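**Student:** Residue numbers (my numbering): 68 to 271.
Here a beta-carbon is modelled for each residue, glycine too, at the ideal position from N, C-alpha and C.
Bear in mind the structure is a predicted one, so any value in this text is a computation, not a measurement.
This is the structure I want to talk about, given as structure tokens.
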Ligand code: FES
């Protein structure tokens, strides 16, 4: 046997000691997690913001748009005389796309009329034939479209063969502070457009 010293062999039965992660390493890991997670959470909220607002009813809940799908008109019930001539009104609403809100955008126009007995009716002013604008003819006391001479009576019914259907009626509600109230002073309309050139009234 050589005289060189043999390495010392451990005689202990314990496993070799492993140093636990130091406090500094734990702090570094936590900091690194926060640096990644916080911007990701903020980015996610920003991305989802329009959806979250819409799910809370905030999509079209501007000052004049509290009844779901209805838009408050500038005109009031007092402006409509029973069996008087129809009154035109522009429909103005806030529009949302995915990320933006556009305030007070004219989205269409309607004709309003108070029938005998007091009921208020409303029609989209777009001609159901091919989409021109329907006028009121004071002399003839009817509705008339100048493009191809469609004509309608004051209840919106066709009076010649040109239009494929009656004028498109719209839901209208008398309200107070955005809630239905037959004695209210507000008028709200559910404004919709419909397919043109078809006998059926189909929303688009
Ligand atoms: S678009 Fe009105 S009559 Fe043709």
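Taking only three categories from DSSP, how would you classify residue 94?
**Tutor:** Residue 94 falls in the helix class under three-state DSSP.
**Student:** For my contact list, residue 174 and residue 256 are in at a C-beta cut-off of 8 Å; report their separation, rounded to the angstrom.
**Tutor:** Between residue 256 and residue 174 the Cβ distance is about 11 Å, and since that is not below 8 Å, they are no contact.
**Student:** Buried or exposed, going by whether 16 or more other CB atoms sit within 10 Å of the CB of residue 191?
**Tutor:** That one is buried.
**Student:** With a threshold of 6 Å on Cβ separation, who are the neighbours of residue 251 within its own chain once the five nearest residues in sequence on each side are excluded?
**Tutor:** Contacts found: 241, 242, 243.
**Student:** Please identify the residue among 266, 248, 268, 239 whose C-alpha is closest to the C-alpha of residue 258.
**Tutor:** Ranking the options by Cα distance to residue 258, first place goes to 239.
**Student:** Within its chain, find whatever has a CB closer than 6 Å to the CB of residue 153; leave out the 5 residues flanking it on each side and keep chain order.
**Tutor:** The residues are 178, 180, 203.
**Student:** If you count every other CB in all the chains shown that lies within 10 Å of the CB of residue 195, and 16 or more means buried, which is it?
**Tutor:** Flag for residue 195 reads buried.
**Student:** When we look at the beta-carbon of residue 200 and count the other beta-carbons within 10 Å, is it buried (16 or more) or exposed?
**Tutor:** So residue 200 ends up on the exposed side.
**Student:** From what residue to what residue does the beta strand (DSSP E) around residue 254 run?
**Tutor:** Looking at the DSSP string, the run of the beta strand (DSSP E) that includes residue 254 is 253-257.
**Student:** Let me know the secondary structure DSSP gives residue 269 once reduced to three states.
**Tutor:** It is coil, neither helix nor strand.
**Student:** Tell me which same chain residues have a C-beta within less than 6 Å of the C-beta of residue 71, skipping the five on either side of it?
**Tutor:** Per-residue confidence for residue 71 stands at a pLDDT of 47, beneath the threshold of 50, marking its modelled position as unreliable; the derived number appears in the next sentence. Closer than 6 Å at the Cβ level, and outside the excluded window around residue 71, lies no residue.
**Student:** Taking a cut-off of 5 Å, which residues have a beta-carbon closer than that to any heavy atom of the ligand FES, in chain order?
**Tutor:** Counting every residue whose Cβ lies closer than 5 Å to a heavy atom of the ligand FES, we get 194, 196, 197, 199, 212, 214, 215, 217.
**Student:** For residue 200 and chain B, any beta-carbon pair shorter than 8 Å?
**Tutor:** Judged by its chain identifiers, the structure shown contains no chain B, having just a single protein chain.
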